[in-house]
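Q: Numbering (the working numbering), first residue to last: 379 to 520. Glycine included, C-beta positions come from ideal geometry on N, C-alpha and C. Treat the numbers as computed from the prediction; the structure is a model and nothing was measured.
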């Protein structure tokens, strides 16, 4: 499969997925529950969401990892599972997408503010690094 950059350069219009949180809540994710933990505790539900987007015609789908940074996962006491949860997210989306569709690693805000002194540059860098490595090892395209 060509890279996503090659597809865009060739002028291909790429259709993406939509709201993951809405579907997770419809499948039973409770308010205040960690969506990324579902990558290991509710794999079938996460897969079904990803597959529904592919089946609806999406050319690319995200991973269920928007809140998967260590600083965000810390809110749930799961920061030590950052790599595992992100890799699982990528594996699930890759399986749903197959080889012909793109998988994009979803990396959202950390919930902390660097310029306010909430966190150091090094902590943010290392956190994004472990999240990114998990996503890459799980099979994301970008």
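Please work out which residues of its chain come closer than 6 Å, Cβ to Cβ, to residue 402, disregarding the five sequence neighbours upstream and downstream, and give them in chain order.
A: The residue labelled residue 402 in the question sits at position 24 within the chain shown. Excluding residues within five positions, the ones whose Cβ falls inside 6 Å are 413.
Q: Mind pulling the beta strand (DSSP E) runs of 3 or more residues that sit fully within the segment 414–478?
A: The segment 414–478 contains these whole beta strand (DSSP E) runs: 438–440.
Q: In whole angstroms, what separates the C-alpha of residue 390 from that of residue 469?
A: Here residue 390 is taken as the residue at index 12 of the chain shown, counted from 1. Here residue 469 is taken as the residue at index 91 of the chain shown, counted from 1. Distance between the alpha carbons of residue 390 and residue 469 is about 25 Å.
Q: In terms of alpha-carbon separation, which member of 510, 435 and 500 lies closest to residue 466?
A: For this step, residue 466 is matched to residue 88 along the chain shown. Nearest C-alpha to residue 466: 510.
Q: Cα-Cα, which of 480, 454, 490 and 398 is closest to residue 516?
A: The sequence position of residue 516 within the chain shown is 138, counting from 1. Checked all of 480, 454, 490 and 398; the closest Cα to residue 516 is 480.
Q: Have a look at residue 475 and residue 459 and give me their C-alpha separation to the nearest angstrom.
A: Residue 475 sits at position 97 when you count from the first residue of the chain shown. Residue 459 sits at position 81 when you count from the first residue of the chain shown. Going by the C-alpha atoms only, they are around 24 Å apart.
Q: To the nearest angstrom, how far is the alpha carbon of residue 490 from that of residue 503?
A: Locating residue 490 in the chain shown gives position 112, where the first residue counts as 1. Locating residue 503 in the chain shown gives position 125, where the first residue counts as 1. The alpha-carbon atoms of residue 490 and residue 503 are separated by roughly 13 Å.
Q: Go to residue 490, then tell me how far its alpha helix (DSSP H) extends in each direction, as first and last residue.
A: Counting from 1 along the chain shown, the entry for residue 490 is found at position 112. No alpha helix (DSSP H) contains residue 490, which DSSP labels as neither H nor E.
Q: If you measure between the beta carbons of residue 461 and residue 505, is that distance less than 7 Å?
A: In the chain shown, the residue the question calls residue 461 occupies position 83. In the chain shown, the residue the question calls residue 505 occupies position 127. For residue 461 and residue 505, no; Cβs fall outside 7 Å.
Q: Can you give me the C-alpha to C-alpha distance between residue 443 and residue 495, rounded to a whole angstrom?
A: By one-based count along the chain shown, residue 443 stands at place 65. By one-based count along the chain shown, residue 495 stands at place 117. The straight-line gap from Cα to Cα measures roughly 25 Å.
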